[in-house]
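Student: Numbering (this note's numbering), first residue to last: 7 to 167.
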């Protein structure tokens, strides 16, 4: 049950890291991956034109659109931050090579934009997506009382084409 809760709230990779003991502030490592960041556009206007319940439903449809495409192409959502999300497509050099990971991230992006057409008509919303491929920092940040995992690029990355 603990593993299922960790996966639901932290994601598969972060959940496994916590369960394996990577729980100290400053525990960090460099991993090779593709990162996908997406942010909903026009959300402030939506908060003013929709009830709170309808706004949250719209944000959830957006997350279904983008995060659904990420999951369908082998990625994992690391974070939901407001109306944005950060996802990772890690590669390990054996089963998931850089070319495969980059293609998976690009395919997820294409699919998310295809799915967008379904939600745009209903919610009048749009979103953007940024991609990065290469080395990224992954680990714990926070305070003594509250930690969180970060995933972010460093200066060594290359762009997906």
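Using N, Cα and C, we set each Cβ at its ideal position, and we do this for glycine too.
Can you confirm whether the stretch 132-151 touches the stretch 11-18 when touching is taken to mean that 3 or more C-beta pairs between the two stretches lie within less than 8 angstroms?
Tutor: Too few Cβ pairs lie closer than 8 angstroms, so no.
Student: Can you find the residues in the same chain that come closer than 8 angstroms, C-beta to C-beta, to residue 146, ignoring five residues on each side of it along the sequence?
Tutor: Translated into positions along the chain shown, residue 146 becomes position 140. 28, 29, 30, 31, 32, 33, 34, 153, 154, 155, 156, listed in sequence order.
Student: Starting from residue 82 and walking both ways along the beta strand (DSSP E), at which residues does that stretch end?
Tutor: Taking the first residue of the chain shown as 1, we reach residue 82 at position 76. Where residue 82 is concerned, the enclosing beta strand (DSSP E) stretches over 82-87.
Student: Rounded to the nearest angstrom, what separates residue 26 and residue 104 at their Cα positions?
Tutor: Position 20 of the chain shown, counted from the first residue, corresponds to residue 26. Position 98 of the chain shown, counted from the first residue, corresponds to residue 104. Using only the alpha carbons, I get a separation of about 26 angstroms.
Student: Would you mind working out which of 142, 85, 81 sits nearest residue 106, comparing C-alpha positions?
Tutor: For the purposes of this step, residue 106 is taken as residue 100 along the chain shown, with counting starting at 1. The shortest C-alpha separation from residue 106 is found at 81.
Student: Would DSSP call residue 109 helix, strand or coil?
Tutor: Taking the chain shown and counting its residues from 1, the one referred to as residue 109 is at position 103. Residue 109 falls in the helix class under three-state DSSP.
Student: What did DSSP end up calling residue 150 once you bin it into helix, strand or coil?
Tutor: Locating residue 150 in the chain shown gives position 144, counting from the first residue. In the structure shown, residue 150 sits in coil (DSSP, three-state: anything other than H, G, I, E or B).
Student: Apart from the five residues just before and just after residue 20, which ones in its own chain have a Cβ nearer than 8 angstroms to its Cβ?
Tutor: Working through the chain shown from its first residue, we reach residue 20 at position 14. If we look at residue 20 and ignore the five residues flanking it on each side, its Cβ neighbours are 12, 84, 155.
Student: Find out if the Cβ-Cβ distance for the pair residue 46, residue 89 is shorter than 8 angstroms.
Tutor: Position 40 of the chain shown holds residue 46. Position 83 of the chain shown holds residue 89. A contact, by the Cβ cut-off of 8 angstroms.
Student: Between which two residues does the beta strand (DSSP E) carrying residue 47 extend?
Tutor: Walking along the chain shown from the start, residue 47 turns up at place 41. First-last of the beta strand (DSSP E) with residue 47: 34-47.
Student: Confirm, please, whether the CB-CB distance from residue 42 to residue 141 is below 8 angstroms.
Tutor: In the chain shown, counting from the first residue as 1, residue 141 sits at position 135. In the chain shown, counting from the first residue as 1, residue 42 sits at position 36. No, the Cβ-Cβ distance between residue 141 and residue 42 is not below 8 angstroms.
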